[in-house]
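Peer 1: Chains as they are written, first to last, in this note's numbering: chain A, 22 to 366; chain B, 44 to 629.
Before anything else, here's the structure in question.
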């Protein structure tokens, strides 16, 4: 049996032509969410910076598709045109190189690539380097302090909101798991930390992704443009439960956010936190205002060094909290409450 | 007396068998040993991938047949712990036991001495040792099955602290074995690399200038140089990780992490250090896994186009450029890792530029076919398939090299699509082509061409069906045992089911190859020295070549790509043929 019949002569060019054609067609279908790729459309972007990323995503893909079509069609055509069965008497051409052509197809792609490299730098800077600034009371520009401290752990998300003092990592922090609520239309800064292994904070709709590295404090920021509720996913393998690090991000109007934060405050009982937080002896002595069980710390007349020491103490305290979290039933009960609350329509 | 004679004869025969087929120092035998062990691991790694696809299509559903055999305790279902083991071991096996050994180990060993006209490698014993160093690595992986967890589960990248802290990953001993396996495989590659470099530099036949070497040898030389430079870094990093695991040295651990449920790490380590060291090896390794295939494809394309390779020198220079630049782009794996954000910009520029030599190679391959007299044999089809798939893999690489776009697609299925287009679509198709092409030389018989074409068509179709839709899953994270737990990913399940069907069909297609391969070894039609009418030196000796390779002293008069020379009646002109009146320079 020899598969070299006349019909098969056409088969190979068609097979190779179909690669770029099908690739382009399905890519367009997926970008527009046409059946059967409805679910594949890029999620609608919900942050202002996401636009530049989408612009680059589609721009570079369009360029790639053109190159793919060009080379793919060339491959298909070559196979059809120069098949030895088409003209059995023809001898193959004999040439080794063409310097002009080589220079041309080196310089043109090089130009495109370098231009592309410079063109996209701004988007990266906007998303990852230029943290939003605010003006403090003395009139100097300072990086905007984080609204929430995100503590990732196996396998869940802790969100610590600043309490009355307006800074995170103090004793009056408000703590909630697996639900992040932020106000719409404002620059939101997150402080990202991990309790155990590497995690990654990913919200597709915000085009926001940042690995959370143990031992490092990092910041991420975004500006949500409209209210919504979306998934927060972990995108760095963190153990067997990697897939179930489930959390939701809720973007709400400012008024609603304040109300929610207040409710959290009302609902929040520092005593309960303290109870489950002292498994291995007393919490570290804090310089002013006492431990977390006795209420908030007033920091208006603390020196910088004292605040730093306070933070260090508090960090140790939080670590002991993390170590014990798995053993404390209240913590799990709290998790379940939030989960069931969320699942009610 | 007679008995003793018979016994000693038997012993002699056994010894002869052992030295010529098992513990042989002949590069051809070692190459074929690498080929067989890699193909066996290819089958194992492929089956692991099928299990991964099963879970992604129908999570927590009992697997038919295999499920009851493997996970009877869990009702035939894959557990989330075991899912992590599946993809970790799939990647580890495919990279370290299949693609690298089959390209450098099998084809590197088999082809280098034959193509440069040498009788064997420069260090035959070292060569044998490099193969037998793979066996402790194999043993480590097999041993993993018998320790808790059934395998390493922290990904083939093994990022600490997950890979280091037993408390956080349930696969402590398996993780130690994983490190040991990679150490052995790495040392094996290093021995091979030193041997290849020495052989190519020192043992070329008279007249075989560097610029008369076939592209296969050039790319294997550059690959060996890359291995020699990159592997020591991986070896050091692996030893550091092993120390972290066993002695809690904390090279990669920051302060305050509770290690192994007992000791809090005393700190001083840096999590990102591992990632830098690992990718400093593993990015060049990406090129180690494709350059030899590129070289072999270049040779096959020229041979079946019956036309000189277009732009031989630019091809050589672009391989060198890829190798050089391959060492300064590793940071593009770490855009999102928390690395210095300014550094990301410089890695972006270097990554953009490394696309250039790859592009040049694609244009040159098309230029090689242009105006030729194409014979669409099985190896030719696989080679064209290589080019076609490499274009897709290369272009998605350009997309990902943009750090801003990478914010969206990093660690999602888009990355999985890209790496499979390059590693499966390109490298493995190239390997299949090379097996069909050099099989007659290795075994003296040829494989069935028509069956080979059927194998090609179905592999080609199903590989695209499996991997192309992954480009559309740019928001589905990798390494999720059950993505559909999340509302935003639930609707992606039907597409994943489609990909799984394609993957199963692609795996089934490989049975055609296996049958063709083994049937042809024993019953394929016998071939003469040069069945493809090719130019390079390996086709001038017997098929299969005898011990010592050549029954004459090869003297080289020209480059390997003189097809359809106008002064020559035949459409090929072997490198050893006497000079013509008007002979080309290269």
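Heads up, the beta-carbon is just placed ideally off N, CA and C, and yes, glycines get one too.
(1) Between the region 117-133 of chain A and chain B, which residues of the former have a C-beta closer than 8 Å to a C-beta of the latter?
(2) Ends of the alpha helix (DSSP H) at residue 173/B?
(3) Report all residues from its chain with a CB closer than 6 Å to the CB of residue 277/B; omit the five preceding and five following residues, and keep chain order.
(4) Along the region 365-397 of chain B, where does the CB come closer than 8 Å to a CB of chain A? Name the residues.
(5) Measuring only between beta-carbons, confirm whether residue 540/B sits less than 8 Å from chain A.
(6) Using a beta-carbon distance cut-off of less than 8 Å, what residues from the region 159-174 of chain A approach chain B?
(7) Starting from the Cα of residue 271/A, find the closest Cα among 115/A, 104/A and 201/A and give me that residue.
(8) Alpha carbon to alpha carbon, how far is residue 84/B from residue 170/B? Give it in angstroms, no decimals.
(9) How should residue 389/B be labelled, buried or exposed, when 16 other C-beta atoms within 10 angstroms of its C-beta is the threshold for buried?
(10) Is there a Cβ of chain A sitting closer than 8 Å to that of residue 204/B, yes or no?
(11) Return the first residue and the last residue of the beta strand (DSSP E) that residue 156/A is part of.
(12) Using a cut-off of 8 Å between C-beta atoms, extract the partners of residue 286/A located in chain B.
(13) Could you check if residue 56/A is buried or exposed, using at least 16 other CB atoms within 10 Å of its CB as the buried criterion?
(14) Cutting at 6 Å between CB atoms, please list the residues of its own chain near residue 241/B, excluding the five before and the five after it.
(15) So residue 194/B packs on residue 188/B, CB below 8 Å; how close in whole Å?
(16) Closest to residue 141/B by CA distance: which of 609/B, 331/B and 575/B is it?
(17) Please tell me whether, using a cut-off of 7 Å, the distance from the CB of residue 181/A to the nearest non-hydrogen atom of the ligand NAD is below it.
(18) Can you list, in chain order, the stretches of the alpha helix (DSSP H) that have 4 or more residues and sit fully within the region 344-410 of chain B?
(19) Taking the CB atoms as reference points, tell me whether residue 552/B and residue 495/B lie closer together than 8 Å.
(20) Quick one: list the residues of chain B neighbouring residue 142/A, beta-carbon separation under 7 Å, in chain order.
(21) From the DSSP output, in three-state form, read off residue 163/A for me.
(22) Classify residue 621/B as buried or exposed, calling it buried when 16 or more other Cβ atoms lie within 10 Å of its own Cβ.
(23) Between the Cα of residue 174/A and those of 217/A, 186/A and 184/A, spot the shortest distance and give me the residue it belongs to.
(24) Kindly list, in the order they appear in chain A, the residues whose Cβ is closer than 8 Å to that of residue 525/B.
(25) On the three-state DSSP scale, how would you describe residue 161/B?
(26) Counting beta carbon pairs with one atom in the region 205-220 of chain A and one in the region 158-173 of chain A, are three or more of them shorter than 8 Å?
(27) By the 9 Å beta-carbon criterion, what residues does the region 223-243 of chain A contribute toward chain B?
(28) What are the boundary residues of the alpha helix (DSSP H) that residue 330/B is part of?
(29) What residue does the beta strand (DSSP E) around residue 250/A start on, and which one ends it?
(30) Measuring only between beta-carbons, confirm whether residue 117/B sits less than 8 Å from chain A.
(31) Tell me the rounded alpha-carbon separation between residue 358/A and residue 196/A.
(32) Within 10 angstroms of its Cβ, does residue 152/B collect 16 or more other Cβ (buried), or is it exposed?
(33) In chain A, what lies closer than 7 Å to residue 348/B by C-beta?
(34) Among 158/A, 164/A and 251/A, which one has its Cα closest to the Cα of residue 203/A?
(35) If we define contact as Cβ-Cβ less than 8 Å, is residue 28/B a contact residue for chain A?
(36) Considering only the beta carbon of each residue, do residue 255/B and residue 474/B sit closer than 8 Å?
Peer 2: Taking the definition as stated:
(1) Per Cβ criterion, the list reads 117, 118, 119, 122, 123, 126, 127, 130 and 131.
(2) Judged by DSSP secondary structure, residue 173/B falls within the alpha helix (DSSP H) whose first and last residues are 167-175.
(3) Setting aside the 5 residues that flank it on each side, residue 277/B is surrounded in the same chain by 229 and 324, each with a C-beta closer than 6 Å to its C-beta; the list follows chain order.
(4) Only those residues of the region 365-397 of chain B whose C-beta falls short of 8 Å from the nearest C-beta of chain A are listed: 379, 380, 381, 384, 385, 387, 388, 391, 392, 395 and 396.
(5) Chain A, which has no Cβ nearer than 8 Å to the Cβ of residue 540/B, makes this no.
(6) Those residues of the region 159-174 of chain A placed with their C-beta closer than 8 Å to a C-beta in chain B do not exist.
(7) The shortest CA-to-CA distance from residue 271/A to any of 115/A, 104/A and 201/A is the one to 201/A.
(8) Cα to Cα, the separation comes out at about 21 Å.
(9) With a 10 Å radius around the Cβ and a threshold of 16 neighbouring Cβ atoms, residue 389/B comes out exposed.
(10) Closer than 8 Å to some Cβ of chain A, the Cβ of residue 204/B qualifies, so yes.
(11) Segment 154-156, the beta strand (DSSP E) holding residue 156/A.
(12) Chain B residues near residue 286/A: none, gap ~29 Å exceeds 8 Å.
(13) Its Cβ having fewer than 16 others within 10 Å, residue 56/A is exposed.
(14) Counting only residues of its own chain and dropping the five nearest sequence neighbours on each side, residue 241/B has a CB closer than 6 Å to the CB of 165.
(15) Contact between residue 194/B and residue 188/B holds, with the beta-carbon distance rounding to 7 Å and staying under 8 Å.
(16) Checking every option, the nearest Cα to that of residue 141/B belongs to 331/B.
(17) This structure simply doesn't include the ligand NAD, nor any ligand for that matter.
(18) Within the region 344-410 of chain B, the complete alpha helix (DSSP H) runs of at least 4 residues are 355-368.
(19) The answer is no: Cβ separation not under 8 Å.
(20) The contacting residues are 388.
(21) Strand, per DSSP.
(22) Counting the other Cβ atoms within 10 Å of the Cβ of residue 621/B gives fewer than 16, which makes it exposed.
(23) Ranking 217/A, 186/A and 184/A by Cα distance to residue 174/A puts 217/A first.
(24) The answer, in chain order, is 264 and 265.
(25) Coil.
(26) Yes, they touch.
(27) Those residues of the region 223-243 of chain A that come within reach of chain B (Cβ to Cβ, closer than 9 Å) are 223, 225, 226, 228, 229, 230, 231, 232, 233, 234, 235, 236, 237 and 239.
(28) Taken as a continuous stretch (DSSP letters only), the alpha helix (DSSP H) holding residue 330/B covers 314-331.
(29) In the DSSP assignment, residue 250/A falls within the unbroken beta strand (DSSP E) covering 249-255.
(30) It does not: the Cβ of residue 117/B has no partner Cβ on chain A nearer than 8 Å.
(31) A caution first: residue 358/A carries a pLDDT of 40, below 50, which makes its placement in the model unreliable, though a value can still be read off. For residue 358/A and residue 196/A, the distance between alpha carbons rounds to 14 Å.
(32) That one is buried.
(33) What residue 348/B touches in chain A, judged by beta-carbon distance under 7 Å, is 113, going in chain order.
(34) When each option's Cα is compared against that of residue 203/A, the closest is 251/A.
(35) Nothing can be reported for residue 28/B, as the shown portion of chain B is limited to 44 through 629.
(36) No; because the gap between Cβ atoms is not below 8 Å, this pair is not in contact.
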